[in-house]
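Please read the structure below before turning to the comments.
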Amino acid sequence: MRHFSADGGGTARGGSPQSVLAHLATVANDAGNDTFDTYGMGEAIQALEGDIATLLGKERAIFSLSGKAAQLSMLRAHADRRGSRVVAAHPRSHICEDEDDAIGALYGLAVARTGSLVRVYSAGDLASVREPLAAIVVELPLRRVAYAAPSWDELVAITAQARAMGAAVHLDGARLWEVQPFYKRSHAEIAALFDTVYVSLYKGLGAPAGAALAGSAEDIAAARTWIVRAGAIVYRMFPMVLAARDGFRTALPHMQAFHDRACALATAFTAIDGVDVAPAQPTCNAFVVHLRGTIEALNAAAQAIAEEYDLRLLNRVHPTANPAVQMAEITVGANTLAIDVREAATLLAAIVRRANA
377 MRHFSADGGG TARGGSPQSV LAHLATVAND AGNDTFDTYG MGEAIQALEG
427 DIATLLGKER AIFSLSGKAA QLSMLRAHAD RRGSRVVAAH PRSHICEDED
477 DAIGALYGLA VARTGSLVRV YSAGDLASVR EPLAAIVVEL PLRRVAYAAP
527 SWDELVAITA QARAMGAAVH LDGARLWEVQ PFYKRSHAEI AALFDTVYVS
577 LYKGLGAPAG AALAGSAEDI AAARTWIVRA GAIVYRMFPM VLAARDGFRT
627 ALPHMQAFHD RACALATAFT AIDGVDVAPA QPTCNAFVVH LRGTIEALNA
677 AAQAIAEEYD LRLLNRVHPT ANPAVQMAEI TVGANTLAID VREAATLLAA
727 IVRRANA
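End of the sequence shown sits at 733 in this note's numbering; the numbers just go up one at a time, nothing left out.
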């Protein structure tokens, strides 16, 4: 069966475990991949870290097996340096919603939840925080608010406000690769607004796992201590490293095409009765659709349409506060590019009609 909204593009996408491992064996034949790494040291890891630092315009980068450990380690290092245990983050950020209070329980930090639940925060929201801050975290895009992102001017204002408050400015760039086309600026131009940057190596690039931090040599050295303490630099990491390097080669060049297709799909879906799209103009390769109907009826209709047309359009339908309206995330990857926009819109309209018949 064809799958519409599953990610596509990197080593770990669109294949069985056996095919992924077979592909990694071919990747391992590339120059610089012929020796093992040991606790974060090795040719392939250093090459990957160098590529990330160069792309982001930073002095140094470090690979971590865990994105959570990488990001929170960086925030703890900022806190140690500035003598504050408080960081500002959006209340719907990864840090606040998806990590079971790892930032407090494991890293001893408190979060000043800043801004509204239904929009990204602004420089004005940040200015309202009264306690001294070690850092502010900007998640680009903000997944839990329909993958929204501030405008470039607002992003500049937010980072300037943070610096005026004496805080470090940290980018939660788990989807930086995907949001870069929205800003129409290079990765380095975006990263230049921030002291430190976290990027995922599996979300868009398709590695089985892995993340990286980039920043000054001093910042990365301080974060490394905490990443090691978290157990996120292990004896051998080469499978994830090789897959990430492959993702830079095979997936990163397609991010503009993914964003363009997301915009085309959003426009087509907006015209369907019973469907609302957020944001109306996607900021990355993903957006949210709100669908009229009960969750049971929509799931049944989506399954029936998938079987009839050999195309699973909606991976998962989630409830909202309104029992008559549900939501689903649409993520554009390589497989999505192979499916016609009109076909996708026709089938989504059929799902909503059938659910409300």
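The C-beta atom is built at its ideal place from N, Cα and C for all residues, glycine as well.
For clarity, every value in this text was computed on a predicted model and none was experimentally measured.
Straight through space, the alpha carbons of Ala587 and Ala445 are spaced by roughly 9 Å. Straight-line spacing of the CA atoms in Ala599 and Ala478 works out to 16 Å. Within the stretch 410-482, the runs of beta strand (DSSP E) at least 3 residues long that lie entirely inside it are, in chain order, 436-440 and 462-465.
Using a Cβ distance threshold of 8 Å, Leu667 and Val728 count as a contacting pair.
Under the DSSP definition of a beta bridge, Ala590 partners with Ala437 and Val573. Listed in chain order, the alpha helix (DSSP H) elements of length 4 or more contained wholly in the stretch 684-731 are 710-713 and 717-731.
The criterion of a C-beta distance shorter than 8 Å is satisfied by Phe380 and Arg688. Contact between His454 and His546 holds, with the beta-carbon distance rounding to 7 Å and staying under 8 Å.
For the pair Gln537 and Leu569, the CB atoms are not nearer than the 8 Å cut-off.
Counting C-beta atoms within 10 angstroms of its own C-beta, Asp410 has fewer than 16 neighbours from the protein chains shown and is therefore classed as exposed. The alpha-carbon separation between Phe439 and Leu451 amounts to approximately 16 Å.
Thr402 and Asp476 have their alpha carbons spaced roughly 38 Å apart. When rounded, the separation of the alpha-carbon atoms in Gly709 and Ala606 is 32 Å. Ala567 is positioned such that its CB atom lies closer than 8 Å to that of Ala590. Assignment of alpha helix (DSSP H) within the stretch 492-578, counting only whole runs of 4 or more residues, yields 499-503, 528-540, 552-559 and 563-567 in chain order. Judged by DSSP secondary structure, Ala627 falls outside any alpha helix (DSSP H); it is assigned neither H nor E. With respect to the C-alpha of Val604, the residue from Leu397, Ser449 and Val396 having the closest C-alpha is Ser449.
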